[in-house]
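Novice:
Residue numbers (my numbering): 139 to 585.
#1: Could you compute how far the alpha carbon of residue 483 sits from the alpha carbon of residue 394?
#2: Given a threshold of 16 other Cβ atoms within 10 Å of its Cβ, counted over all protein chains shown, does residue 608 qualify as buried or as exposed?
#3: Run the CB neighbour count on residue 261, radius 10 Å, all protein chains shown included, and call it buried at 16 or more, exposed below.
#4: Please determine, among 235, 387, 351, 244, the residue with the shortest C-alpha to C-alpha distance to residue 582.
#5: Taking the runs of the beta strand (DSSP E) that are 3 residues or longer, which of them lie wholly in the segment 508–540?
#6: Which same chain residues, not among the five before or five after residue 209, have their C-beta less than 8 Å away from its C-beta?
#7: According to DSSP, which residues form a beta bridge with residue 461?
#8: Thinking C-alpha only, which one of 464, 456, 460, 519 is nearest residue 437?
#9: Taking the C-alpha atoms as reference points, what is the distance between residue 214 and residue 230?
#10: With DSSP collapsed to three states, give me the class of residue 304.
#11: How about residue 371 and residue 354: do their beta carbons lie closer than 7 Å?
#12: Using the DSSP secondary-structure output, state which residues sit across from residue 502 in a beta bridge.
#13: Ignoring anything shorter than 3 residues or poking outside the segment 188–269, list the beta strand (DSSP E) runs there in chain order.
#14: What residue from 461, 424, 400 has the CA that sits closest to residue 431's CA?
#15: Going by CA-CA distance only, name the one from 378, 406, 416, 247 that's closest to residue 345.
#16: So, with DSSP's three-state summary, where would you put residue 295?
#17: If you count every other CB in all the chains shown that lies within 10 Å of the CB of residue 480, and 16 or more means buried, which is it?
#18: Under 7 Å between C-beta atoms, does residue 267 make it to chain B?
#19: Are the segment 505–514 and the segment 542–560 touching by the rule of at least three beta carbon pairs closer than 8 Å?
#20: So who's on the other strand from residue 332, going by DSSP bridges?
#21: Among the candidates 571, 568, 529, 376, whose CA atom is the shortest distance from the CA of residue 239?
#22: Counting along the chain, where does the alpha helix (DSSP H) carrying residue 401 start and finish?
#23: Report all residues from its chain with a CB closer than 6 Å to the CB of residue 580; omit the five preceding and five following residues, and keep chain order.
#24: State the Cα-Cα distance for the pair residue 373 and residue 352, rounded to the nearest angstrom.
#25: Going by the beta-carbon positions, is the gap between residue 494 and residue 477 smaller than 7 Å?
#26: By how many angstroms is the C-alpha of residue 392 removed from the C-alpha of residue 379?
#27: Does DSSP classify residue 491 as helix, strand or coil?
#28: Can you tell me which of the three DSSP states residue 384 falls into?
#29: For residue 396, I'd like the list of residues in its chain whose CB is within less than 8 Å of its CB, leaving aside the five on either flank, ordered along the chain.
#30: Measuring alpha carbon to alpha carbon, tell me which residue in 347, 425, 434 is nearest residue 404.
#31: Kindly indicate which three-state DSSP category residue 543 falls into: helix, strand or coil?
#32: From 584, 381, 259, pick the residue whose C-alpha is nearest to that of residue 348; which is it?
#33: Is residue 267 near the ligand HEM - that is, is its Cβ less than 6 Å away from at least one heavy atom of it?
#34: Count the other CB atoms within 10 Å of the CB of residue 343; is the residue buried (16 or more) or exposed (fewer)?
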């Protein structure tokens, strides 16, 4: 989940000092996250009377400068772009944090990130995430040095990484959907290049490209004995935030695909249309919603919760001071409701689910959610006209009653595993059928 707060470092000298500090974790290999979601801000105190020297040791700055100067003066070939060395140093440091959500975005990546939150970009139309590879240990408890096989995707792993890149969901009406990309597909290669060690941003950057060009993904899919090669023609993607429709029996169906800059406006419009149609019940579908902007999530929750339910989520940062994020705006829909979730429901969608569950506003149906209870703050860096940025994990969050769902997820009130031969929103969607059954029971009570 991404907080919309941003900060600017306008001083060139401060930027240089901070940038050079990242040699602490210097590696040319980088490890990152997707077209969805910094720690430098913690190094620059604001409003507390401290100075830069109080928080930053000059030793790593000197070390980085010595290393950079050595490469510039002694390396066999001329160094044409020191920015790339700086970016690699930053990424190398962040890799040592072992947090796939804290990452660095160069100007190009940050623009793509901003475009995605605005709801449009060029590519294939699939949301990605970093999926943790379950640890595999030998009998004595040590991770074996020889090749091991991932127990999830059965891929041989020699250079053991903590995460690999998987598909959250192909978006409706996109090239990825038409090509048969499926949730939980593990992307092994992009145009023949291994994704081993890539971040989601790296992978997204390679997958995206001009309209009408092609990209080939090598996919490992559960149940398939061999990897699949799928070639997809890129297109301009307008990311839908919301899908809505009327179902039989005066029931409204509202699916939130993500929490981007369009979500609040489109959700409000859908709920007002439902009220005008005098619906008697609402199915809220958060399945495979990877999250997004915290501000949008708070506003959507406010449309569905009664006025007395004020706290939507509570956060704690490094200071361990609890901060309550409270409702914004008025309730729009107050009738019976159920919410559908699955293991792809993450971050902001878990915040919404948790609030609805804690306040007994809606029963949840489906599978245990992903389990990401972390807040990222997007901090802009460098040139304001062509900024870089760092989404940094700055806080943990809990639901209104204090439940910490991180790495646990939210268990639904009614567990329904999607049938193997069923697809979401199809006639054989057993989760949706179960949700409708429970909703009708609630509607009968509401008469």
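For every residue, glycine included, the Cβ atom is placed at its ideal position computed from N, Cα and C.
Specialist: In short, the structure shows the following:
#1: 10 Å
#2: Nothing about residue 608 can be read from this structure; the chain reaches only from 139 to 585.
#3: buried
#4: 387
#5: 512–519, 526–536
#6: 217, 223
#7: 453
#8: 464
#9: 23 Å
#10: strand
#11: no
#12: 477
#13: 258–261
#14: 400
#15: 247
#16: Because residue 295 sits at a pLDDT of 46, beneath the cut-off of 50, its placement in the model cannot be relied upon, and the following sentence gives the value as read from the coordinates. Looking at residue 295 - three-state DSSP - the assignment turns out to be strand.
#17: buried
#18: Among the chains of the structure shown, chain B does not appear; only one protein chain is present.
#19: yes
#20: 327
#21: 529
#22: 401–414
#23: 474
#24: 9 Å
#25: yes
#26: 11 Å
#27: helix
#28: strand
#29: 174, 265, 377, 379, 427, 428, 429, 430
#30: 434
#31: coil
#32: 259
#33: Looking at this structure, you won't find the ligand HEM or any other ligand, since it has none at all.
#34: buried
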